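Engineer:
2 protein chains.
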Amino acid sequence: MTTQAIAVDVGGTEIKAALVDVGPDAAATLRQVRRRTPRGADGPATADLVIDTVADIVSELRTGDARAVGVVVPGIVDEQHGLGVFSANLGWRDEPLRDRLAERIDLPLAFGHDVRAGGLAEARFGAARGMRNVIVMPIGTGISAAMIFEGRIHSADGRAGEVGHVDIGHGEPCQCGGTGCVEAVASSAAVARRYTARTGTPVDGAAAVAAAVRDGDPDAVAVWHEAVDALARGLVTLTAVLAPEGIVLGGGLAMAGRLLTEPLAARLDDMLLPFHRRPRLELAELGDTAGCLGAALLATEGLSAP
Amino acid sequence: MTTQAIAVDVGGTEIKAALVDVGPDAAATLRQVRRRTPRGADGPATADLVIDTVADIVSELRTGDARAVGVVVPGIVDEQHGLGVFSANLGWRDEPLRDRLAERIDLPLAFGHDVRAGGLAEARFGAARGMRNVIVMPIGTGISAAMIFEGRIHSADGRAGEVGHVDIGHGEPCQCGGTGCVEAVASSAAVARRYTARTGTPVDGAAAVAAAVRDGDPDAVAVWHEAVDALARGLVTLTAVLAPEGIVLGGGLAMAGRLLTEPLAARLDDMLLPFHRRPRLELAELGDTAGCLGAALLATEGLSAP
Chain E
1 MTTQAIAVDV GGTEIKAALV DVGPDAAATL RQVRRRTPRG ADGPATADLV IDTVADIVSE
61 LRTGDARAVG VVVPGIVDEQ HGLGVFSANL GWRDEPLRDR LAERIDLPLA FGHDVRAGGL
121 AEARFGAARG MRNVIVMPIG TGISAAMIFE GRIHSADGRA GEVGHVDIGH GEPCQCGGTG
181 CVEAVASSAA VARRYTARTG TPVDGAAAVA AAVRDGDPDA VAVWHEAVDA LARGLVTLTA
241 VLAPEGIVLG GGLAMAGRLL TEPLAARLDD MLLPFHRRPR LELAELGDTA GCLGAALLAT
301 EGLSAP
Chain Y
1 MTTQAIAVDV GGTEIKAALV DVGPDAAATL RQVRRRTPRG ADGPATADLV IDTVADIVSE
61 LRTGDARAVG VVVPGIVDEQ HGLGVFSANL GWRDEPLRDR LAERIDLPLA FGHDVRAGGL
121 AEARFGAARG MRNVIVMPIG TGISAAMIFE GRIHSADGRA GEVGHVDIGH GEPCQCGGTG
181 CVEAVASSAA VARRYTARTG TPVDGAAAVA AAVRDGDPDA VAVWHEAVDA LARGLVTLTA
241 VLAPEGIVLG GGLAMAGRLL TEPLAARLDD MLLPFHRRPR LELAELGDTA GCLGAALLAT
301 EGLSAP
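Chains E and Y, in that order, are what the protein sequence lines are.
If you use UniProt numbering, the first sequence corresponds to residues 1 to 306, in order.
If you use UniProt numbering, the second sequence corresponds to residues 1 to 306, in order.
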């Protein structure tokens, strides 16, 4: 038994959408659409344009078999009340996105958070499959985490998972106003920025720094090492408090594959204490489709919810 | 409708037990027994003696109306498999306490962890009542936490909640083998130990240091300030990751009341960032009976579980 859903993942630069056929153990993407995320003069204007674009995409992907729509958005998202509470990138605040989208879309609508929905997809179809307590952590411009406890996503009214802003003591300022944040050193944006600051050489993202690490560039190695150390410190804290069976790394930085996971696993192993659980460290399997597949899951699960 | 249960809270120095009448919103303690925790030559010998003592206490408290027994123990406890995985204090390792107790006790038996059971009791009858996402943190010889997410205790096979061993960067060695741990500076044992190390004056626990703070002793003030700062750093990390509605402080250090909560709330308020949830900071209400009441809850809920 499979169910067709239209899934939309609103990102800071791009909206990814798909018609997805969702089954219990697998999901098949039947059609895909990508659009540049529209921008207005301010947050409310951007919200208007995003709602228009999502409604257009849903019409475009709609088939007679589509039973529901799932839309996920970034930032702080209150799933329960259907609010885009805050997005640094898109500028909205307390925007009632779910209800506004529902007015425009004539199908059952589920609304959620991009990272938590992506975590759900990794748990159902990807690298976190079979784990009841698992943290799925995309490392991109920022770092946040989907936390799954006993098989359920932990949202805490949309405020949970700000792992990127755990102070791990390196003392460097973060854009959030704090210091010592994991993401100030370890996000893919930070890796690129810090390499440029150190060498004066502009780079096109963390992948370029990873390539330089492979070439033995000592500045790249130093920046990479600091990122790995910061991630390890953050993960040790998560492990002490939450004791997950596994930690799944995704996002841009995880595209480096074993260049990231091998030194990170070694550093974690050094730092974990005997009484800590040793979580499995895995690479995400769903890549940048995780958010969309998660939106499709929210849509189809919403159909069977009370 | 109330149900009578025999509740036993095995501590490092004392076993507290009670006959408890458990209702949906309140629990009444009908009789109480306290015994010194027996010690054998090693962990297994201590486990034997503890099992004997618990069985004796249960016989002593048993009435015709007692429907079930709940026993909670310290350390790392795997509720699902009924194991005392590790106790630094009592020395056992992977001890099948639940099954061994069940052989000696002729009533339905529930087995759990002292801190998590105490958190459940605070959530049902105490300071965490009405909160769906809440952390209950006793601060005693060590620091660990009961974490309640969406109304359920998070155990992660008994490994969750080691908040005391989050590295918050002060660099001091901890008994666990790590450095910078919250509890190396902020446990009630650490407060007493650090005051003595600083002044050469032995003190009888954190309460004596709190009294010296009230008297304006500058050494006590410095040690107290460092403990508050360490707790605040730990709680900021928990808040970033978990976004609880409330944090309930218990254990010996919380006996200091507002001397602890007022500076801690102020320090937390300074450190939390605008996008963090502001958790309510509360003092535990059930004192050293929380573990026993939690054991009684486990016992009576076990009766209605599948």
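All C-beta atoms, glycine included, are put in the ideal place defined by N, C-alpha and C.
Given the structure is predicted, the values throughout are model-derived calculations rather than measurements.
Okay, do the segment 69 to 87 of chain E and the segment 112 to 124 of chain E touch, 3+ Cβ pairs below 8 Å being the bar?
Structural biologist: Yes, the segment 69 to 87 of chain E is in contact with the segment 112 to 124 of chain E.
Engineer: The beta strand (DSSP E) that contains G250/E, what's its start and end?
Structural biologist: Numbered from 1 along the first sequence, position 250 holds the residue referred to as residue 250/E. First-last of the beta strand (DSSP E) with G250/E: 246 to 250.
Engineer: Using the C-alpha atoms, what's the distance from A68/Y back to P306/Y?
Structural biologist: Counting from one through the second sequence, the residue named residue 306/Y turns up at place 306. Counting from one through the second sequence, the residue named residue 68/Y turns up at place 68. Confidence in P306/Y is poor, its pLDDT being 45 and thus under 50, which makes the residue's placement unreliable; the coordinate value appears in the next sentence. Cα to Cα, P306/Y sits roughly 15 Å from A68/Y.
Engineer: When you compare only the Cα positions, how much space is there between V58/Y and R104/Y?
Structural biologist: Position 58 of the second sequence, counting from 1, holds the residue named residue 58/Y. Position 104 of the second sequence, counting from 1, holds the residue named residue 104/Y. V58/Y and R104/Y: Cα-Cα distance of roughly 10 Å.
Engineer: Three or more C-beta pairs closer than 8 Å, one from the segment 4 to 14 of chain Y and one from the segment 25 to 42 of chain Y: is that the case here?
Structural biologist: Touching, yes.
Engineer: Taking the alpha-carbon of N133/Y as reference, which of T141/Y, A296/Y, H154/Y has the nearest alpha-carbon?
Structural biologist: The residue you call residue 133/Y lines up with position 133 of the second sequence. Here the closest residue by C-alpha is H154/Y.
Engineer: Please name the residue or residues paired with Q32/Y in a DSSP beta bridge.
Structural biologist: For this step, residue 32/Y is matched to residue 32 along the second sequence. Beta-bridge pairing links Q32/Y to A18/Y.
Engineer: Would you say L293/E reaches chain Y, if we count a Cβ-Cβ gap shorter than 7 Å as a contact?
Structural biologist: If you number the first sequence from 1, residue 293/E lands on position 293. Output row for L293/E: interface = no.
Engineer: Between L272/Y and chain E, is there a C-beta pair that is closer than 7 Å?
Structural biologist: Here residue 272/Y is taken as the residue at index 272 of the second sequence, counted from 1. Not an interface residue.
Engineer: Between the segment 160 to 177 of chain E and the segment 239 to 247 of chain Y, do three or more beta carbon pairs fall short of 8 Å?
Structural biologist: Touching, per the Cβ criterion.
Engineer: Counting only C-beta atoms, is R277/E closer than 7 Å to chain Y at any point?
Structural biologist: Mapped onto the first sequence, residue 277/E falls at position 277. At least one chain Y Cβ lies under 7 Å of R277/E.
Engineer: I'd like the span of the beta strand (DSSP E) that includes H113/Y, first residue to last.
Structural biologist: Against the second sequence, residue 113/Y aligns to sequence position 113. Per DSSP, H113/Y belongs to the beta strand (DSSP E) from 109 to 113.
Engineer: Note down the Cα distance separating A85/Y from G64/Y, rounded to an integer number of angstroms.
Structural biologist: On the second sequence, residue 85/Y is found 85 positions in, with the first residue counted as 1. On the second sequence, residue 64/Y is found 64 positions in, with the first residue counted as 1. Ala is not the amino acid found at residue 85/Y; the sequence shown has Val there. C-alpha separation (whole angstroms): 33 Å.
Engineer: Let's see if you can read the secondary structure: which residues bound the beta strand (DSSP E) around M147/E?
Structural biologist: By 1-based counting over the first sequence, the position of residue 147/E is 147. 146 to 149 is the span of the beta strand (DSSP E), which, as asked, contains M147/E.
Engineer: Step through the CB atoms of chain E and report whether any lies within less than 7 Å of the CB of R267/Y.
Structural biologist: For the purposes of this step, residue 267/Y is taken as the residue at position 267 of the second sequence. Not an interface residue.
Engineer: Under 8 Å: do the segment 123 to 140 of chain Y and the segment 276 to 296 of chain Y share three or more Cβ pairs, one atom per stretch?
Structural biologist: Segments in contact, yes.
Engineer: Please list the partners that D52/E has in chain Y, where partner means a Cβ-to-Cβ separation under 9 Å.
Structural biologist: Start at 1 with the first residue of the first sequence, and residue 52/E comes out as number 52. The contacting residues do not exist; D52/E stays about 27 Å from chain Y at best.
Engineer: Below 6 Å CB to CB, which residues in the same chain sit around G171/E once its five sequence neighbours on both sides are set aside?
Structural biologist: Numbered from 1 along the first sequence, position 171 holds the residue referred to as residue 171/E. Result list for G171/E: T179, G180, in chain order.
Engineer: Since I believe A66/E is in contact with L107/E (beta carbons under 8 Å), could you give me their beta-carbon distance rounded to a whole number of angstroms?
Structural biologist: The count along the first sequence starts at 1 and reaches residue 107/E at position 107. The count along the first sequence starts at 1 and reaches residue 66/E at position 66. Right, their Cβ atoms sit about 7 Å apart.
Engineer: Please name the residues in the segment 204 to 217 of chain Y whose beta-carbon is closer than 8 Å to at least one beta-carbon of chain E, in chain order.
Structural biologist: Those residues of the segment 204 to 217 of chain Y that come within reach of chain E (Cβ to Cβ, closer than 8 Å) do not exist; the list is empty.
Engineer: Report yes or no: is there a C-beta of chain E within less than 7 Å of the C-beta of H113/Y?
Structural biologist: Numbered from its first residue, the second sequence carries residue 113/Y at position 113. No, no contact with chain E.
Engineer: If you measure from the beta carbon of E183/E to each beta carbon in chain Y, is any gap under 7 Å?
Structural biologist: Locating residue 183/E in the first sequence gives position 183, where the first residue counts as 1. False, the Cβ-Cβ gap to chain Y never drops below 7 Å.
Engineer: Can you give, in chain order, each stretch of the alpha helix (DSSP H) that sits fully within the segment 85 to 129 of chain Y and has at least 4 residues?
Structural biologist: Here the runs fully enclosed are 97 to 104, 114 to 125.
Engineer: What residues are listed by DSSP as bridge partners for L49/E?
Structural biologist: By 1-based counting over the first sequence, the position of residue 49/E is 49. Beta-bridge pairing links L49/E to no other residue.
Engineer: Between G234/Y and chain E, is there a C-beta pair that is closer than 7 Å?
Structural biologist: Here the question's residue 234/Y lines up with position 234 in the second sequence. For G234/Y, the answer is no, since every Cβ of chain E falls outside 7 Å of its Cβ.
Engineer: So, are the CB atoms of A220/Y and A230/Y less than 7 Å apart?
Structural biologist: Within the second sequence, the letter at position 220 stands for residue 220/Y. Within the second sequence, the letter at position 230 stands for residue 230/Y. Taking 7 Å as the Cβ cut-off, A220/Y and A230/Y do not qualify as a contacting pair.
Engineer: According to DSSP, is residue 333/Y part of a helix, a strand, or is it coil?
Structural biologist: The structure shown has nothing for residue 333/Y, since chain Y only spans 1 to 306.
Engineer: Got a sec, what are the start and stop residues for the alpha helix (DSSP H) D219/E sits in?
Structural biologist: Residue numbering aside, residue 219/E sits at position 219 when the first sequence is read from its first letter. 218 to 242 is the extent of the alpha helix (DSSP H) around D219/E.
Engineer: Output, in sequence order along the chain, the residues in the segment 51 to 77 of chain Y whose CB is closer than 8 Å to any CB in chain E.
Structural biologist: Listed by position along the chain: I76.
Engineer: Could you check the C-alpha separation between H225/E and P202/E for me, to the nearest Å?
Structural biologist: As a working mapping, residue 225/E is identified with position 225 in the first sequence. As a working mapping, residue 202/E is identified with position 202 in the first sequence. Whole-angstrom Cα-Cα distance: 19 Å.
Engineer: Taking contact to mean 3 or more Cβ pairs, one atom from each stretch, closer than 8 Å, check whether the segment 185 to 193 of chain Y and the segment 266 to 282 of chain E are in contact.
Structural biologist: Touching, no.
Engineer: Taking DSSP as the reference, what is the three-state secondary structure of C174/Y?
Structural biologist: Counted from its first residue, the second sequence places residue 174/Y at position 174. It is coil, neither helix nor strand.
Engineer: Identify which residue in R258/Y, C174/Y, P218/Y has its Cα closest to the Cα of E273/E.
Structural biologist: Numbered from 1 along the first sequence, position 273 holds the residue referred to as residue 273/E. Looking at the sequence itself, residue 273/E is Leu, so the reference to Glu does not match. Nearest option by C-alpha distance: C174/Y.
Engineer: Strictly by DSSP, which residues pair up with T179/E?
Structural biologist: Sequence index remark: in the first sequence, residue 179/E carries index 179 (1-based). Looking at the DSSP assignment, T179/E forms a beta bridge with P173/E.
Engineer: State the start and end residues of the unbroken alpha helix (DSSP H) segment that holds E301/Y.
Structural biologist: Stepping through the second sequence from its first residue, residue 301/Y is reached at position 301. Segment 290 to 304, the alpha helix (DSSP H) holding E301/Y.
Engineer: Does T179/E get closer than 7 Å to chain Y when you measure Cβ to Cβ?
Structural biologist: In the first sequence, the residue the question calls residue 179/E occupies position 179. No, no contact with chain Y.
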